[in-house]
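Here's the structure, in structure tokens; my notes come after.
Protein chains: 2
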Amino acid sequence: MARPRTPILSRELIRHTTLRLVDEHGLDALSMRKIATELDVRAPSLYNHYANKDELLDDIAATIAENVDVSGFAGDDWQDALRTWAHSYRDALAEHPNMVPFLASGPSNRPVALVRADAVHGGLTRAGWPPRTATMIGASIKYIVVGSAITSFAGGFIDDIDTYNERYPHLSQAHRLREYAAEIDQDSFELVLETFLSGLTLQYAALDTR
Amino acid sequence: MARPRTPILSRELIRHTTLRLVDEHGLDALSMRKIATELDVRAPSLYNHYANKDELLDDIAATIAENVDVSGFAGDDWQDALRTWAHSYRDALAEHPNMVPFLASGPSNRPVALVRADAVHGGLTRAGWPPRTATMIGASIKYIVVGSAITSFAGGFIDDIDTYNERYPHLSQAHRLREYAAEIDQDSFELVLETFLSGLTLQYAALDTR
DNA sequence: AACGGTAACCTGACACTGTAAGGTTGTCCA
DNA sequence: TGGACAACCTTACAGTGTCAGGTTACCGTT
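Top to bottom, those sequences are chains C and A. Oh and the first sequence: position 89 is 89 in full-length UniProt numbering, straight run, nothing missing. Oh and the second sequence: position 68 is 68 in full-length UniProt numbering, straight run, nothing missing.
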């Protein structure tokens, strides 16, 4: 075959197919040839649309990032804006757990910009936080979300199973254990997020009376 | 060559060499043949000491984990024990930033046991925290440490450079920027950790009067 | 209406990866 | 003295990301 009358591939199609493969079989099982096979095409053809594998994965990461909701920072409730941001951020990662290791494995120009640093920083400074503190608060939330996502979704609790078995012997079925781990993860995320937010509120109050 | 009179390789030697290579050139640049070359040996010989590459990396992860200090949980100051744990945990990861993505990218039986869940859980319950809450607190600290490590050490701030440039134009030299990012990371870690700990203290007080 | 450039597919190939199979030899214990 | 085992070796295989170069469809210009 040479050039087809109507194009077979597009960045969008490649992205969707790749993300589906990653969701189904994991990052390690992904290869350019498997993506191509899935699309009834040879691997090098993909390079007409993406310069290399990383650029493809970066693009997927960017589309995931688009689902993160920073709209709250336009309003004036900075606490709730942070809460909404953190939750939607975590949800976005939870939707594609197999992508999380990639997202976190920098070191290049990856959408650590999931952060949407500008919106967050702007909202916080408008609320009265000093610029530097605003940056630090944004980073803190990012730590909580990314840390939670990576240790939870990447199968983190698997080797803690023995611990859980001793501690909660009635949870002997692996199936229930997994459920339980997910529940603990969710609650832990809630705990650290809310505790942090209420601590910030205290510091915010101290700001005014300074 | 056949069997040498005195063994050339050992798990320890392989581990050290590999960790050095990872520190110097990163995880992506690592291959069994490069490790072997560094040791003046052929790659398959490594398999006499490690079943596969992952087992080798797991072993390295375990030695890194040994530097995490959980001794504080033997005492009765749970707050300070958590603080010490978190700091030494983060320091251990900071010492080998290129290993962080691997450590976090489980899904297998990786030393997410960096957690030292038992010591932490034991110390907190002895201090009076309910078992389930103790588990959640341990998980929370882990989120903060791992999240901080991965977004900082894996070059997380690199693509935020533009943001920093606009915001702090006098930091125009990339060199200073990098320093500044590290400083922000350190301070953010401190902020989220201390804010979380002081929030916990409030909840702890509420426990007693319940 | 013919022509050139570019886009989008192809085949083939390269260097490199992890690791399995099996050969050879030194060391140690029965 | 002999056999088991350990620790190196060479060879080889299937799979990886990606480059080079070939072919053809389309689109804009002359």
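Where is the CB? At the ideal position from N, CA and C, for every residue including glycine.
Whether residue i touches residue j by CB criterion (8 Å)
i, j, result
"residue 147 of chain C", "residue 117 of chain C", "no"
"residue 99 of chain A", "residue 64 of chain A", "yes"
"residue 101 of chain C", "residue 105 of chain A", "yes"
"residue 204 of chain A", "residue 192 of chain C", "no"
"residue 28 of chain A", "residue 96 of chain A", "no"
"residue 128 of chain A", "residue 207 of chain A", "yes"
Selection from the options that minimises the alpha carbon distance to residue i
i, options, result
"residue 150 of chain A", "A:20, A:81, A:89, A:59", "A:89"
"residue 124 of chain A", "A:17, A:152, A:153, A:73", "A:73"
"residue 92 of chain A", "A:69, A:31, A:195", "A:69"
"residue 17 of chain C", "C:4, C:6, C:2, C:46", "C:46"
"residue 190 of chain C", "C:36, C:87, C:33", "C:87"
"residue 133 of chain A", "C:122, C:152, C:183", "C:183"
"residue 9 of chain A", "A:35, A:21, A:187", "A:35"
"residue 53 of chain A", "A:66, A:30, A:67, A:62", "A:30"
"residue 136 of chain A", "C:130, C:185, C:126, C:179", "C:185"
"residue 84 of chain A", "A:19, A:202, A:145, A:7", "A:145"
"residue 71 of chain A", "A:119, A:181, A:7, A:26", "A:119"
"residue 33 of chain A", "A:42, A:25, A:26", "A:42"
"residue 75 of chain C", "C:26, C:126, C:67, C:66", "C:126"
Buried versus exposed call for residue i [16 or more other C-beta atoms within 10 Å across all chains shown]
i, result
"residue 40 of chain C", "exposed"
"residue 82 of chain A", "buried"
"residue 200 of chain A", "buried"
"residue 195 of chain C", "buried"
"residue 77 of chain A", "exposed"
"residue 121 of chain C", "buried"
"residue 56 of chain C", "buried"
"residue 188 of chain C", "buried"
"residue 19 of chain C", "buried"
"residue 202 of chain A", "exposed"
"residue 181 of chain A", "buried"
"residue 2 of chain C", "exposed"
Expected contact under 8 Å - CB spacing of residue i and residue j to nearest Å
i, j, result
"residue 15 of chain C", "residue 80 of chain C", "Residue 15 of chain C to residue 80 of chain C, Cβ: 33 Å. No contact."
"residue 153 of chain A", "residue 94 of chain A", "6 Å"
"residue 13 of chain C", "residue 38 of chain C", "In fact, because the Cβ distance is near 10 Å, the residues do not count as touching under 8 Å."
"residue 11 of chain C", "residue 49 of chain C", "5 Å"
Whole alpha helix (DSSP H) elements within the UniProt domain "HTH tetR-type" (8-68) of chain C, 4-residue minimum: Uninterrupted alpha helix (DSSP H) stretches at least 4 residues long and entirely within the UniProt domain "HTH tetR-type" (8-68) of chain C occur at 11-25, 32-38, 53-65, given in chain order.
Runs of alpha helix (DSSP H) wholly within the region 82-111 of chain C (minimum 4 residues, chain order): 100-104
Completely contained alpha helix (DSSP H) runs for the region 116-153 of chain A, where each covers 4 or more residues: 117-126, 131-153
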